[in-house]
Amino acid sequence: MKTIEIVSEIFRDILDEDDLVLAPETTAEDVEAWDSLTHVQLMVAIEKRFGIKFSSREISSFQNVGELLAAIENKL
Amino acid sequence: MLFTSYVFFLFLPLVLAGYWALKPYRRAQNGLLLVASYIFYGWWDWRFLFLIAGSSVVDFLLARQMGRSESEGRRTLLMWLSALVNLGVLGYFKYANFFLENLAVLIEGLTGQGPAWGAWSIILPLGISFYTFQTLGYTIDVYRREVKPTRNFLEYLTFVSFFPQLVAGPIERARNLLPQFLAERRWKQQDWLEGGRLILWGFFKKVAIADALAPSVNYVFANHETLNGATLATGALLFTFQMYCDFSGYSDIAIGVARLLGFRLMKNFDFPFYSTSMSAFWRRWHISLSTWILDYLYTPLSIKFRYGGLWGLALALLISFALSGLWHGAAWTFVVWGALHGMVLAYEALTKKRRKRWAKKTGYWYTWASRILVFFFWVGTLTIFRAEHMGQAFSVLSGALLGSWSSLAINPSVLLLPVGLLVYEYFQRNRAHGLDVAGYHYTLRWSLYAFALIMIFSSQNLNNQNEFIYFQF
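Residue numbers (the numbering used here), protein chains in the order written: chain E, 5 to 80; chain R, 8 to 480.
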């Protein structure tokens with residue numbers, strides 16, 4: 005499975021939005037349930053799923069899904 | 008200088024005239040704003056001007072040093088130095104006595120004999136909690152490389168002391184407000200129209216409602232031991248309206264006055280009383296403080312605790328809200344108030360999915376039941392906020408719930424205006440503010456203006472030194 009598909013699955017599960025579709029340019033503004041609270045939950049789920057670790061600065065600096073994907077692929 | 012005093016009615020037109028007469032000269036305009044802001048602030052107590060100037064100079068210099076340094080260690084050190092200075096000053100003026108008092112109680116509890124020290128006589132400088140957070144936010148943003156350190160000393164001094172929002176917010180962010188001082192000011196009719204409406208609406212809420220409710224609220228809280236349940240409950244309800252009208256009124260005037268100078272300040276209130284959850288409520292009440300806490304306290308904490316799962320999240324919320332409670336003042340009532348909100352937010356975060364399913368099932372009923380629940384939770388916790396100590400809070404709350412409801416010791420007609428406002432604002436809730444009436448039929452518009460004006464002048468609360476509640480924080 006491609007990274008974006010795995011990430012989308014995690015998003016759909018945590019945010020409880022079954023029809024959510026992510027694109028690299030998607031931002032938190034576009035997804036209603038993606039707020040400061042759920043953001044950290046999403047990051048933890050992604051770290052677990054891929055077996056990677058983000059730094060605190062990375063977690064608070066992602067501007068959109070594309071940057072998140074790039075950071076994940078960098079660490080794999 | 009109070010917005011509702013006659014001195015301000017003289018001060019503002021003078022500043023506006025001078026300011027717009029200097030129009031092509033941006034630096035001269037900023038210089039005038041700085042002088043005006045220092046006069047505005049010095050009107051209360053000129054000695055504290057040294058404090059605000061000192062605070063501004065320290066953060067200006069630290070941020071510049073940070074900008075010059077590439078070493079992460081050094082940047083971190085400078086950021087902590089700024090935090091230490093700012094929170095140290097705040098701590099001394101605001102919390103020194105609280106700390107000493109509690110220490111004395113602790114020592115007495117442990118040794119059976121209290122220490123010999125008494126309370127220090129410290130006057131709380133006005134607005135210190137607000138401008139300290141504003142200038143500290145700037146150095147943290149520079150540290151995070153989200154804002155470039157400014158080289159414009161004059162503009163930075165004005166940014167920290169900008170008179171419309173100096174004493175009670177909105178607590179502005181450097182990335183929003185600082186660039187506005189560096190840009191050319193344009194005079195727009197639209198700004199004056201909107202600014203005027205905001206000022207009128209702010210005065211209406213403050214003078215015609217908040218100040219009119221204050222005597223009843225003070226009466227209930229002062230005599231809580233002898234009053235019955237119905238009166239205590241009404242008092243708590245009235246304080247909720249007083250607080251909302253006082254604080255959102257202040258914010259509206261601040262945003263409106265800034266607008267007359269061509270500045271855009273952030274929104275501080277967004278019709279909080281129709282929220283269907285406390286998380287939504289906090290996105291609509293004192294927005295500039297809750298987003299400040301979110302960015303600089305909650306987010307770093309929640310990232311730090313992220314492997315603790317939902318409990319880590321709950322802990323981050325609890326700490327953030329307890330501290331934001333303490334920000335309001337050095338008293339356990341504020342800490343308890345904050346902690347209760349932290350707990351409810353944690354509960355909401357933990358039950359988010361379940362609540363979403365209920366909402367889908369029950370629709371309309373869920374929305375209204377949630378609104379009512381949120382409103383009364385706010386009334387209850389705000390009673391703790393208003394009380395002088397936990398004993399009083401407990402007495403008012405338990406009295407309201409368990410005491411007799413057979414009679415009412417205050418005239419119920421005082422409820423008319425605030426309840427009317429609650430209903431009126433419900434229909435305005437998707438607009439920018441309560442008096443955002445652009446596009447309405449002109450008879451309706453002018454009736455609303457006339458009504459607000461008549462209520463303001465007939466209230467006789469202008470120029471009578473009724474300070475805004477948030478000035479004490």
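For every residue, glycine included, the Cβ atom is placed at its ideal position computed from N, Cα and C.
In summary, the residues of the region 43 to 54 of chain E whose CB is separated from some CB of chain R by less than 9 Å are HIS43, VAL44, GLN45, MET47, VAL48, GLU51, in the order they occur in the chain. Between R:ASP66 and R:THR11, the C-beta gap is not smaller than 8 Å, which leaves the two residues out of contact.
For R:ASP302, there is no enclosing alpha helix (DSSP H), as DSSP marks it with neither H nor E.
The continuous alpha helix (DSSP H) containing R:THR450 extends over residues 449 to 465. Taking C-beta separations shorter than 7 Å and ignoring five residues to either side along the sequence, the partners of R:TYR433 in its chain run TYR281, following chain order. Using a Cβ-Cβ cut-off of 7 Å, E:SER12 is close to nothing in chain R; its nearest Cβ partner there is about 18 Å away. In the DSSP assignment, R:ARG204 falls within the unbroken alpha helix (DSSP H) covering 196 to 210.
Going by beta carbons, R:ASN37 and R:SER62 fall outside the 8 Å limit.
The beta carbons of R:PHE288 and R:PHE170 sit no closer together than 8 Å. In this structure, R:PHE137 and R:VAL96 do not form a Cβ contact; the two beta carbons are roughly 13 Å apart against a cut-off of 8 Å. Pairwise C-beta distances place the region 113 to 131 of chain R out of contact with the region 79 to 89 of chain R, as fewer than three of them are shorter than 8 Å. Within a 10 Å sphere around the beta-carbon of R:GLN467 sit fewer than 16 other beta-carbons, which makes this residue exposed. DSSP places E:GLU36 in no alpha helix (DSSP H); its state is neither H nor E. The Cβ of E:ILE56 sits no closer than 8 Å to any Cβ of chain R.
For E:ASP20, the closest Cβ of chain R is nearer than 8 Å. For the C-beta of E:ILE63, the chain R residues within less than 7 Å are, from N- to C-terminus, ILE310. Residues of the region 316 to 349 of chain R with a Cβ closer than 9 Å to any Cβ of chain E, in chain order: GLY316, LEU317, GLY319, LEU320, ALA323, LEU324. Taking 8 Å as the upper bound for CB-CB distance, R:ILE461 and R:TYR226 are not in contact here, some 26 Å apart.
With a threshold of 8 Å between beta carbons, R:LYS101 makes no contact with chain E. The alpha-carbon of R:ARG82 is positioned some 18 Å away from that of E:GLU62. With respect to R:GLY242, R:GLY410 sits apart: the two C-beta atoms are not nearer than 8 Å. If you ignore the 5 residues before and after E:SER40, its C-beta comes within less than 7 Å of no other C-beta in its own chain.
The residues LEU325, PHE328, ALA329, GLY332, in chain order, have a CB closer than 8 Å to that of R:ALA346 in the same chain once the five nearest residues on each side in sequence are set aside.
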